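The listed protein sequences correspond, in order, to chains A and B. Quick note on numbering that gives the first Met the number 0: the first sequence kicks off at 0 and runs consecutively. Quick note on numbering that gives the first Met the number 0: the second sequence kicks off at 0 and runs consecutively. For each residue, glycine too, the CB sits at the ideal point set by N, CA and C. Every value quoted in this text rests on a predicted model; they were computed, and no experiment measured them.
Number of protein chains: 2
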Amino acid sequence: MKYPEAKSKFIQAWGGLGSSWGVNRTMAQIHALLLIATEALSTEEIMEELKISRGNANMNIRALIDWGLVEKELRQGERKEFFIAGKDVWALAKQIAKERKKRELEPIQKVLDQLKDVEGDGKEQEEFKKMTDEISEFADQAETILDLFSNSKSNWLYKVIGKIR
Amino acid sequence: MKYPEAKSKFIQAWGGLGSSWGVNRTMAQIHALLLIATEALSTEEIMEELKISRGNANMNIRALIDWGLVEKELRQGERKEFFIAGKDVWALAKQIAKERKKRELEPIQKVLDQLKDVEGDGKEQEEFKKMTDEISEFADQAETILDLFSNSKSNWLYKVIGKIR
DNA sequence: CTTTTCTTTCAGAAATAATTGAAAATACAG
DNA sequence: CTGTATTTTCAATTATTTCTGAAAGAAAAG
Numbered sequence: 000m001k002y003p004e005a006k007s008k009f010i011q012a013w014g015g016l017g018s019s020w021g022v023n024r025t026m027a028q029i030h031a032l033l034l035i036a037t038e039a040l041s042t043e044e045i046m047e048e049l050k051i052s053r054g055n056a057n058m059n060i061r062a063l064i065d066w067g068l069v070e071k072e073l074r075q076g077e078r079k080e081f082f083i084a085g086k087d088v089w090a091l092a093k094q095i096a097k098e099r100k101k102r103e104l105e106p107i108q109k110v111l112d113q114l115k116d117v118e119g120d121g122k123e124q125e126e127f128k129k130m131t132d133e134i135s136e137f138a139d140q141a142e143t144i145l146d147l148f149s150n151s152k153s154n155w156l157y158k159v160i161g162k163i164r
Numbered sequence: 000m001k002y003p004e005a006k007s008k009f010i011q012a013w014g015g016l017g018s019s020w021g022v023n024r025t026m027a028q029i030h031a032l033l034l035i036a037t038e039a040l041s042t043e044e045i046m047e048e049l050k051i052s053r054g055n056a057n058m059n060i061r062a063l064i065d066w067g068l069v070e071k072e073l074r075q076g077e078r079k080e081f082f083i084a085g086k087d088v089w090a091l092a093k094q095i096a097k098e099r100k101k102r103e104l105e106p107i108q109k110v111l112d113q114l115k116d117v118e119g120d121g122k123e124q125e126e127f128k129k130m131t132d133e134i135s136e137f138a139d140q141a142e143t144i145l146d147l148f149s150n151s152k153s154n155w156l157y158k159v160i161g162k163i164r
């Protein structure tokens, strides 16, 4: 396969993965582009490569920076900003795990905690309490695992699991 | 908090979680409703509880069945179908992990494999190969962990991690 | 076969989300 | 300050996804 075709396939695939993960397709594509870039890219270059508008590029670059997946690179004597993505795949996975935990797991834990003191003791209420308690406990365990993963070095988790399974 | 309010909050929260996971909100809400139900519900009851149309209810119930999260329950002498969700939270998590692996991880692995034989050896091509190889390796490791998790008993993973961390 | 009950499908409507492009804001240089 | 390069914002547009409701399909009962 020729390089330009491969590059395009990779960007498309990454974008598709993004959308099934609730991440905007363009955001994922910009990330893909930066992942395989040999040097930092400017907004202009990103717009050009992906055929997207300035506004779209800017918004999604900001979102990537918010997620901690991309950084600004400022160059001596250049007014323009350049952007670069971290290249360590495990670090990337850990960063995503950390952000998703913050954005998704924590809100549901908050709700579940509020539901702890539901009144009544009929059959329905009992079932409700049982279920929400179980989910709450599960969420706590998931949090523990995610924290462990996010704070681990490299692919420590994989190595450990490799040994014990 | 009164039960009806708690129930509604739970359903809303589960729906919200669903949408940030690329799962349609209604699908997640039906699932939430079935999780806390004391017995199997009919399509009518689901429509009524969530104020949704028959078509919407039917489509999303089918999707839940496809995902292996909900089962039909047929009753002696009843023509109607009733639906019930599994109540084991770890089993639920494992089922979701299994399905997402099939739907998301496997497609990207397929693309990455195709990209293995990209031609050329310039700086850009080298970077591309390096990155895609790393992602590919990561995907394989993630697959191993997911398989291990999906096939594990109960909260085995959590228990093991609890011991070694 | 006909009727009744229930399920599935799907075209159009409604709701959401993403994108554009131009104007406003910012930041620096002269 | 004024001009220029760049980034940010946002109202309007476009695209995508979800939902509805009615019609068609299927299955059992009479």
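- Between the alpha carbons of residue 61/B and residue 9/B lies a distance of about 22 Å.
- Annotation: the continuous alpha helix (DSSP H) that includes residue 6/B extends over 2-19.
- Between residue 83/A and residue 18/B, the alpha-carbon positions lie close to 29 Å from each other.
- Residue 22/A sits in coil when the DSSP states are folded into three classes, being neither helix nor strand.
- Rounded to whole angstroms, the separation of the alpha carbons of residue 70/A and residue 33/A is 10 Å.
- Counting every other CB atom within 10 Å of its CB across the protein chains shown gives residue 64/A a total below 16, marking it as exposed.
- About 44 Å separates the beta carbons of residue 28/A and residue 0/B, which is beyond the 8 Å limit, so they are not a contact pair.
- Ranking 93/B, 108/B, 125/B, 129/B by CA distance to the CA of residue 146/B puts 93/B first.
- The beta-bridge partner set that DSSP reports for residue 84/B consists of 69/B.
- For a Cβ distance threshold of 9 Å, nothing in chain A lies close to residue 152/B: the least Cβ distance comes to about 13 Å.
- Chain A places a beta carbon closer than 8 Å to that of residue 16/B, counting this residue as a contact.
- For residue 52/B, the secondary structure class from DSSP, reduced to helix, strand or coil, is coil.
- Here residue 6/A is buried: its Cβ has 16 or more other Cβ atoms, across all protein chains shown, within 10 Å.
- Residues of the region 117-136 of chain B whose Cβ lies closer than 7 Å to any Cβ of chain A, in chain order: 117, 118, 119, 122, 123, 124, 126, 127, 130, 131, 133, 134.
- Partner residues in a beta bridge of residue 63/B, as assigned by DSSP, do not exist.
- Across the region 24-48 of chain A, CB contacts with chain B closer than 7 Å involve 34, 35, 37, in sequence order along the chain.
- Note on residue 140/B: 16 or more other CB atoms within 10 angstroms of its CB, so buried under the neighbour-count rule.
- Under DSSP, the beta-bridge partners assigned to residue 40/B are 82/B.
- Linking residue 58/B to residue 101/B through their CA atoms gives a straight-line distance of about 21 Å.
- For residue 131/B, the number of other beta carbons within 10 angstroms of its own is at least 16, and it is reported as buried.
- One Cα belongs to residue 90/A, the other to residue 109/B, and the distance between them is close to 23 Å.
- Going by C-alpha positions, residue 43/A is about 27 Å away from residue 117/B.
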